[in-house]
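Undergrad: Encoded as structure tokens, here's the structure I'll be asking about.
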Amino acid sequence: MSSLPESPERTFTRKSLPGVGVATKPGKYLPERGDLIWLSFDPQAGHEQAGRRPAVVLSPGSYNGKTRLAICCPITSNTKGYPFEVLVPAGLPIRGVILSDRLKSLDWHVRQAEFIVALPEDTLREVLKKASVLVAPGV
């Protein structure tokens, strides 16, 4: 998806926070791959995650800006030890596990995405690797 142009909506800047990662200054926000965000998962059905909760963005910002959709995985504090859970690293403002098998394509603008912090690269790679078992096995 790198051929998509960067969205003109991305008007905020990121800055490093000691021991935490990055944060945004006020302005319009466009989710980027690896961002931890607050997002509304309502309405939900069946066994889906519900409510306003943290999630990790897996799709690139160029896609998210062009479509206003983002592919996300919810985060829960209810750790069960499932093979698709990925632990949110210590030191981040969110605790819990990323449910890498609960991929959702969501309208991040309508669902009021709010940036929390960028996920460390090694954790993002682990989430993408586990998700790929479901959507692109053997690739």
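Under my numbering, the sequence shown has 1078 at position 119, and the numbering climbs by one with no breaks.
The beta carbon of each residue, even a glycine, is placed where N, CA and C say it ideally should be.
The structure presented is a predicted model; accordingly, all values stated were derived computationally and were not measured.
Taking 6 Å as the limit between beta carbons, can you name the residues of its chain near Lys1063, skipping five residues before and five after?
TA: Counted from its first residue, the sequence shown places residue 1063 at position 104. Cβ within range, chain order: Cys1031.
Undergrad: Does the beta-carbon distance from Gly1010 to Thr1035 come in below 8 Å?
TA: Residue numbering aside, residue 1010 sits at position 51 when the sequence shown is read from its first letter. Residue numbering aside, residue 1035 sits at position 76 when the sequence shown is read from its first letter. Taking 8 Å as the Cβ cut-off, Gly1010 and Thr1035 do not qualify as a contacting pair.
Undergrad: From the DSSP output, in three-state form, read off Ala1093 for me.
TA: As a working note, residue 1093 is residue 134 in the sequence shown. The question names Ala, but residue 1093 in the sequence shown is Leu. Residue state, collapsed to three classes: helix.
Undergrad: Determine the DSSP secondary structure at Arg1011, reduced to helix, strand or coil.
TA: For this step, residue 1011 is matched to residue 52 along the sequence shown. In the structure shown, Arg1011 sits in a strand (DSSP, three-state: E or B).
Undergrad: In this structure, does DSSP put Ser1128 in helix, strand or coil?
TA: Outside the displayed span of the chain (960 to 1098) sits residue 1128, for which this structure offers no information.
Undergrad: Pairing CB atoms from the segment 1083-1093 with CB atoms from the segment 1019-1026, are three or more of them under 8 Å?
TA: Because the criterion of three Cβ pairs below 8 Å is not met, the segment 1083-1093 and the segment 1019-1026 do not touch.
Undergrad: In the structure shown, what three-state DSSP assignment does Pro1079 receive?
TA: In the sequence shown, residue 1079 corresponds to position 120, counting from 1. Coil.
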